[in-house]
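Colleague: Structure provided below as structure tokens; questions to follow.
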Ligand code: UGA
């Protein structure tokens with residue numbers, strides 16, 4: 037099949053590379069000329085394990101190419117996938133300007149039948165709006181079908197997730213589209229869930245909201261565990277053995293971040309309110325997450341009452357391991373809070389970079405703790421908990437407090453090296 041993917045971010049690039057690998061001819065489009073040039077040079081502007089190799093392999097075979105010429109790409113391909121960003125505006129509403137601009141391009145370019153597949157996470161009702169808008173802009177209804185096909189990949193394991201999906205969701209009003217989507221993903225053995233456009237959009241938000249709910253639930257439980265001197269890890273382990281609950285996404289920590297959970301929870305909340313549904317639970321999930329960093333900073337203050345004279349090291353800047361993405365990372369929340377206390381903050385991440393006026397980034401794990409009063413482990417990169425020379429860390433630090441924001445260190449071992457260990461729901 038000839039596929040055009042508009043938007044070359046995480047979702048667009050991974051989808052492009054995987055569809056090319058499945059045997060299709062894929063053209064990825066992006067308006068950013070520098071990005072397209074980088075991609076045509078065989079380099080990938082984001083850190084995603086295995087993606088660069090897969091892109092290079094398929095570009096070499098001639099099944100994957102990159103261009104800025106959106107109208108030409110639309111005209112030359114029958115399948116058009118939309119994978120542009122849908123970020124939040126400062127007022128927390130969803131910025132659909134990239135989607136609107138694709139609709140404009142489609143309206144100006146469609147000269148033969150197209151199957152338009154929306155991969156971007158868009159608020160419920162957006163695909164129906166896209167359908168109406170294309171017709172209003174003069175596109176003949178028999179010249180296109182619209183399908184909502186949300187993506188469930190995770191950053192850091194994007195290719196693996198796309199090649200092994202739990203399910204493929206197809207939102208459509210035309211049953212024939214199900215076969216087309218099955219042909220597109222031929223080779224992926226999975227369950228197909230077929231629904232209407234609104235249903236497919238809502239499944240995506242429901243999925244992220246449920247995962248975020250599990251995290252906020254266990255984080256609230258961590259606070260209760262703290263109060264009763266119980267180790268939250270034991271609670272998670274016990275909960276996880278019940279197949280009705282499941283073991284995943286029950287790791288207590290200093291909160292979820294990234295480009296998806298915070299944004300999608302906000303958008304789902306807005307969607308509910310727009311229909312006069314009060315989203316009590318979604319509000320609570322966000323409240324726990326928003327206050328998690330403050331709660332553990334208060335604990336840090338029990339050990340270091342005057343943070344204004346303190347120097348703090350952050351290990352990890354990315355919102356999770358395996359990515360260089362710092363969007364909505366708890367590291368940023370921490371940095372902002374610590375700066376309010378007038379702390380000096382420095383840190384290290386194996387991949388991610390954080391440009392912030394109040395932050396000094398170092399490129400060595402042990403240098404990053406020099407003369408620090410406390411170390412906060414923000415992201416559970418393996419090198420922060422496997423084969424660390426704790427003697428060296430201890431010698432380099434001025435103080436002895438470790439706040440383990442991901443509960444990956446062994447409190448016993450930390451105590452043996454003379455650290456004061458503070459975990460999330462454990463100590
Ligand atoms: C998330 C979803 O997991 C994907 O299914 C979805 O496709 C994607 O959003 C999206 O909408 O595009 P992602 O944001 O890449 O994927 O990252 P996750 O692995 O879900 O982690 C999100 C945050 O939750 C991270 O900050 C992580 O540290 C935190 N987390 C995760 C916890 O604090 N505890 C856990 O037990 C699990």
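Numbering (the numbering used here), first residue to last: 37 to 463. Even glycine gets a Cβ: it sits at the ideal position worked out from N, Cα and C. Since this is a predicted model, take the numbers as computed values, not measurements.
Following the continuous alpha helix (DSSP H) through residue 240, name the residue where it begins and the one where it ends.
Modeller: First-last of the alpha helix (DSSP H) with residue 240: 233-263.
Colleague: Check whether the Cβ atoms of residue 117 and residue 40 sit closer than 9 Å, and answer yes or no.
Modeller: Cβ distance < 9 Å, so residue 117 and residue 40 count as in contact.
Colleague: In terms of alpha-carbon separation, which member of 423, 348, 161, 143 lies closest to residue 307?
Modeller: Residue 307 has its Cα closest to that of 161, out of 423, 348, 161, 143.
Colleague: Looking only at its own chain, which residues have a Cβ that is under 6 Å from the Cβ of residue 396, when we skip the five neighbours before and after it?
Modeller: Excluding sequence neighbours, residue 396 sits near 382.
Colleague: With DSSP collapsed to three states, give me the class of residue 160.
Modeller: Looking at residue 160 - three-state DSSP - the assignment turns out to be coil, as it is neither helix nor strand.
Colleague: Using a Cβ-based criterion (distance less than 8 Å to any ligand heavy atom), does residue 85 qualify as near ligand 1?
Modeller: No, Cβ of residue 85 sits at least 8 Å from all heavy atoms of ligand 1.
Colleague: Identify whether residue 37 lies in helix, strand or coil by the three-state DSSP scheme.
Modeller: It is coil, neither helix nor strand.
Colleague: Just curious, the beta strand (DSSP E) that residue 350 is in, first and last residue?
Modeller: Run containing residue 350: 347-351, per the beta strand (DSSP E) assignment.
Colleague: Leaving out the 5 sequence neighbours to the left and right, which residues in its chain are closer than 7 Å to residue 292 when beta-carbon positions are compared?
Modeller: Excluding sequence neighbours, residue 292 sits near 248, 251, 325.
Colleague: Here's a check: name, in chain order, each residue in its chain whose Cβ is nearer than 7 Å to the Cβ of residue 275, leaving out the five neighbours to either side.
Modeller: Around residue 275: 281, 286.
Colleague: Measure the C-alpha to C-alpha separation of residue 229 and residue 205 and round it to an integer number of angstroms.
Modeller: The straight-line gap from Cα to Cα measures roughly 5 Å.
Colleague: Using a Cβ-Cβ cutoff of less than 7 Å, which residues in the same chain neighbour residue 232 once the five nearest sequence positions on both sides are dropped?
Modeller: Same-chain partners within the cutoff: 207, 209.
Colleague: Taking Cβ to Cβ, would you say residue 437 is nearer than 9 Å to residue 290?
Modeller: Contact: no.
Colleague: Identify which residue in 111, 345, 174 has its Cα closest to the Cα of residue 151.
Modeller: Ranking the options by Cα distance to residue 151, first place goes to 111.
Colleague: Considering only their Cβ atoms, is the gap separating residue 385 from residue 82 smaller than 9 Å?
Modeller: No, Cβ-Cβ distance for residue 82 and residue 385 is not below 9 Å.
Colleague: List the residues that DSSP assigns as beta-bridge partners of residue 228.
Modeller: Answer by DSSP bridge pairing, in chain order: 204.
Colleague: Which whole-angstrom value describes the C-beta separation of residue 301 and residue 317, a residue pair presumed to lie in contact below a C-beta threshold of 8 Å?
Modeller: Not confirmed; about 10 Å, so no contact.
Colleague: My understanding is that residue 358 touches residue 193, with C-beta atoms under 8 Å, so please give their C-beta distance in whole angstroms.
Modeller: Right, the Cβ-Cβ distance comes to about 7 Å (below 8 Å), so this counts as a contact.
Colleague: According to DSSP, which residues form a beta bridge with residue 105?
Modeller: Bridge partners of residue 105: none, in fact.
Colleague: Do the CB positions of residue 191 and residue 51 come within less than 9 Å of each other?
Modeller: Not closer than 9 Å, so no.
Colleague: Report all residues from its chain with a CB closer than 6 Å to the CB of residue 453; omit the five preceding and five following residues, and keep chain order.
Modeller: Contacts found: 426, 430.
Colleague: Report all residues from its chain with a CB closer than 8 Å to the CB of residue 329; omit the five preceding and five following residues, and keep chain order.
Modeller: Hits under 8 Å: 290, 291, 366, 369, 370, 373.
Colleague: Is DSSP giving residue 154 helix, strand or coil here?
Modeller: Strand, per DSSP.
Colleague: Does the Cβ of residue 263 lie closer than 8 Å to at least one heavy atom of ligand 1?
Modeller: No.
Colleague: Starting from residue 438, trace the beta strand (DSSP E) both ways and give me its first and last residue.
Modeller: Counting along the chain, the beta strand (DSSP E) containing residue 438 begins and ends at 437-440.
Colleague: What do you get for residue 149, buried or exposed, if any count of 16 or more other CB atoms within 10 angstroms of its CB means buried?
Modeller: Exposed, since its Cβ has fewer than 16 Cβ neighbours within 10 Å.
Colleague: How would you label residue 389, buried or exposed, when you count the other beta carbons within 10 angstroms and need 16 or more for buried?
Modeller: Flag for residue 389 reads exposed.
Colleague: Using DSSP's beta-bridge definition, name the partner residues of residue 63.
Modeller: In the DSSP output, where bridge partners are listed per residue, residue 63 has 40, 101.
Colleague: Might you give, ordered along the chain, the residues of its own chain that have their beta carbon closer than 7 Å to the beta carbon of residue 170, omitting 5 neighbours on each side?
Modeller: Excluding positions up to five away in sequence, the list reads 139, 142, 143, 180.
Colleague: How would you call residue 62, buried or exposed, if buried means at least 16 neighbouring beta carbons within 10 angstroms?
Modeller: The residue is buried, with at least 16 neighbouring Cβ atoms inside 10 Å.
Colleague: Counting only runs that start and end within the region 392-460, where is the alpha helix (DSSP H) found for 4 or more residues in a row?
Modeller: The region 392-460 contains these whole alpha helix (DSSP H) runs: 426-432, 447-452.
Colleague: Can you tell me whether DSSP reads residue 326 as helix, strand or coil?
Modeller: Residue 326 falls in the helix class under three-state DSSP.
Colleague: Rounded to whole angstroms, what is the Cα-Cα separation between residue 336 and residue 409?
Modeller: Those two C-alpha atoms are separated by around 11 Å.
Colleague: For residue 462, count the other beta carbons within 10 Å of its own beta carbon; 16 or more makes it buried, fewer makes it exposed. Which is it?
Modeller: Classification of residue 462: buried, given that the 10 Å Cβ count is 16 or more.
Colleague: Closest by CA to residue 411, which one among 315, 352, 391, 264?
Modeller: Among 315, 352, 391, 264, the Cα nearest to that of residue 411 belongs to 352.
Colleague: Could you tell me if residue 364 is buried or exposed, where buried requires 16 or more neighbouring beta carbons within 10 angstroms of its beta carbon?
Modeller: It is buried - the Cβ of residue 364 has at least 16 other Cβ atoms within 10 Å.
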